[in-house]
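Colleague:
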Amino acid sequence: MVAGETSGDMLAGLLLEGLRARWPDLQTQGIGGPAMLAQGFQSWWPQEKLAVRGYIEVLPRLWEILSIRRQLRKRLIEQPPALFVGVDAPDFNLGLEAGLRAQGIKTVHFVCPSVWAWRPEKIEKLKVAADHVLCIFPFEPELLAQHGIAASYVGHPLASVIPVEPDRAAARLKLGLNNEDTVVALLPGSRSSEIAYIGQRFFDAAAQLLRRRPGMRFVVPAVPAQRERLQAMAQASGLGDSIQVLAGQSHLAMAACDVTLIASGTATLEAALFKRPMVIAYNMHPMSWRMMKRKQLQPWVGLPNILSGEFVVPELLQDAATPTALAQSVLDWLDSPERIEVLQQRFQALHLTLKRDTAQLATDAIEKILES
């Protein structure tokens with residue numbers, strides 16, 4: 001298995017739990033993070049080596065990443081596994097899967113690339129790479145079938161992990177927050193490049209919010225590799241005791257908050273499953289932004305908006321993601337309880353659509369591949 005970043009590690013960890021329940025003696029190795037390691041996974045390289053997003057941002061690391069893929073491919077061909085599972089990370093995994101499949105190794109790709117949102121050219125690469133695709137959104141298998149790609153809808157693992165009705169009071173108690181506090185969760189991303197481009201804007205927006213609403217509290221979940229950096233940014237922001245930088249605990253932060261200011265990515269879907277209003281923001285290298293914009297097929301980039309088919313939450317991207325605009329968008333939510341109520345109803349319906357027995361459905365599909 002290969003999972004290239006924090007969100008992939010989380011999904012892979014949940015999948016591994018189901019695989020181990022069916023095959024207790026299963027041996028798994030490749031590249032993964034803490035959630036996978038907790039399931040007995042052996043990671044041959046640190047997952048952080050692959051955690052890069054964007055076209056220009058990847059260039060300083062490209063040679064190392066390609067070297068890892070070459071070494072991994074050679075190792076797997078010399079010692080063929082019963083199955084290779086690529087978890088998301090299509091830029092890394094699809095090429096690797098194609099090479100392994102050409103050598104007779106069975107391959108599964110977990111999480112359909114967002115060919116319906118941008119980069120439609122990946123569908124041809126997926127066709128060559130994967131014997132089967134495990135899809136987390138219900139409309140994807142039919143789309144893939146039109147291109148001759150075998151796929152199964154397995155639901156989104158997080159929809160079964162996150163309760164349909166999150167316990168805000170319990171989450172606040174664990175974080176030392178009062179029920180009457182106004183709490184904003186800041187999630188500037190897990191990759192170093194994301195924090196470099198958007199992190200300071202988030203903290204500056206938080207400082208503006210605190211000036212306008214004294215007493216506001218902020219929580220910042222941080223992956224281990226970025227925690228020290230985020231702590232330094234928090235200390236320099238002038239937020240003082242009003243901010244906590246947490247060791248992970250993103251779900252606790254989302255459950256506890258009133259609103260989240262969040263970088264575009266898988267975390268936005270998690271926030272939706274927690275029924276939390278959000279302001280989605282993103283900023284990247286200008287050249288990467290121009291290249292991505294050309295490949296975009298829909299007017300939305302945030303998963304809650306894509307799945308809803310409309311702007312149910314605001315998106316402030318690139319130059320629009322100024323600290324002032326971010327702060328004002330957060331205040332707009334806090335001042336509109338009726339909007340929040342409507343949004344929560346939309347998110348609850350979405351949650352029920354995505355909630356399936358993912359472990360059972362995924363392992364059923366994998367067993368058929370192994371027996372074919």
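Numbering (UniProt numbering), first residue to last: 1 to 372. The beta-carbon is built from N, C-alpha and C at its ideal position, and this holds for glycine as well. Because the structure is a prediction, the values reported are computed rather than measured.
Mapping the DSSP letters down to three states, classify L239 as helix, strand or coil.
Modeller: Residue state, collapsed to three classes: coil.
Colleague: Check whether the Cβ atoms of D88 and A3 sit closer than 9 Å, and answer yes or no.
Modeller: In contact: D88 and A3 (Cβ atoms closer than 9 Å).
Colleague: Can you tell me whether I162 is helix, strand or coil according to DSSP?
Modeller: If DSSP states are grouped into helix, strand and coil, I162 belongs with coil.
Colleague: Give me, in chain order, the residues of the same chain whose beta-carbon lies closer than 6 Å to that of L317; leave out the 5 immediate sequence neighbours on both sides.
Modeller: Same-chain partners within the cutoff: Y282.
Colleague: Give the DSSP-derived three-state secondary structure of W23 in the structure shown.
Modeller: Looking at W23 - three-state DSSP - the assignment turns out to be coil, as it is neither helix nor strand.
Colleague: Out of curiosity, what's the CA-to-CA distance linking residue 374 and R22?
Modeller: What the structure shows of the chain is the stretch from 1 to 372, and residue 374 is not part of that stretch, so it cannot be assessed.
Colleague: Kindly indicate which residue of R201, P163 and L239 has the alpha-carbon position closest to the one of K355.
Modeller: For K355, the nearest C-alpha among the options comes from P163.
Colleague: Take every Cβ of the region 357-367, pair it with every Cβ of the region 223-243, and state whether three or more of those distances are shorter than 8 Å.
Modeller: Result no; under three Cβ-Cβ pairs closer than 8 Å.
Colleague: Tell me which residue opens and which closes the alpha helix (DSSP H) that V128 is part of.
Modeller: K122 to A129 is the span of the alpha helix (DSSP H), which, as asked, contains V128.
Colleague: For the alpha helix (DSSP H) that V330 lies in, which residues bound it at each end?
Modeller: Element bounds for V330: P323 to L334.
Colleague: Taking 6 Å as the limit between beta carbons, can you name the residues of its chain near D364, skipping five residues before and five after?
Modeller: Once the five neighbours on either side are set aside, D364 has no close Cβ partner at all.
Colleague: Roughly how many angstroms lie between the CA atoms of C257 and R276, to the nearest whole one?
Modeller: One C-alpha to the other measures close to 8 Å.
Colleague: Considering Cα atoms alone, identify which of I198, L326 and W63 is closest to residue 379.
Modeller: The structure shown has nothing for residue 379, since the chain only spans 1 to 372.
Colleague: Compute the Euclidean distance between the alpha carbons of V219 and H156, then round it to the nearest angstrom.
Modeller: V219 and H156: Cα-Cα distance of roughly 26 Å.
Colleague: Can you give me the start and stop residues for the alpha helix (DSSP H) that F137 sits inside?
Modeller: Element bounds for F137: n/a, residue is neither H nor E.
Colleague: Can you tell me which of L186, R172, R73 and L76 puts its alpha carbon nearest to the alpha carbon of residue 386?
Modeller: Because the chain is modelled from 1 through 372, residue 386 falls outside the range shown and cannot be assessed.
Colleague: When you compare only the Cα positions, how much space is there between F137 and I306?
Modeller: Those two C-alpha atoms are separated by around 11 Å.
Colleague: Express the C-alpha separation of Q39 and H109 in angstroms, rounding to a whole number.
Modeller: Those two C-alpha atoms are separated by around 19 Å.
Colleague: Is the CB-CB distance between L94 and L144 below 9 Å?
Modeller: No, the pair does not count as a contact, with Cβ atoms beyond the cut-off.
Colleague: What does a CB cutoff of less than 8 Å around L7 pick up in its chain, not counting 5 residues either side in sequence?
Modeller: Correcting the residue type first, residue 7 is Ser in the shown sequence and not Leu. Within the same chain, S7 has close Cβ partners D88, S190, G265, T266 and A267.
Colleague: Compare the beta carbon distance of T182 and G215 with 9 Å and say whether it is the shorter of the two.
Modeller: Against a cut-off of 9 Å, the Cβ pair of G215 and T182 comes out as a contact.
Colleague: Rank V85, Q146, I105 and L100 by C-alpha distance to the C-alpha of V115 and give the top, closest one.
Modeller: Closest by alpha carbon: Q146.
Colleague: Going by CA-CA distance only, name the one from M36, G30 and G176 that's closest to G18.
Modeller: Nearest of M36, G30 and G176 to G18, Cα basis: M36.
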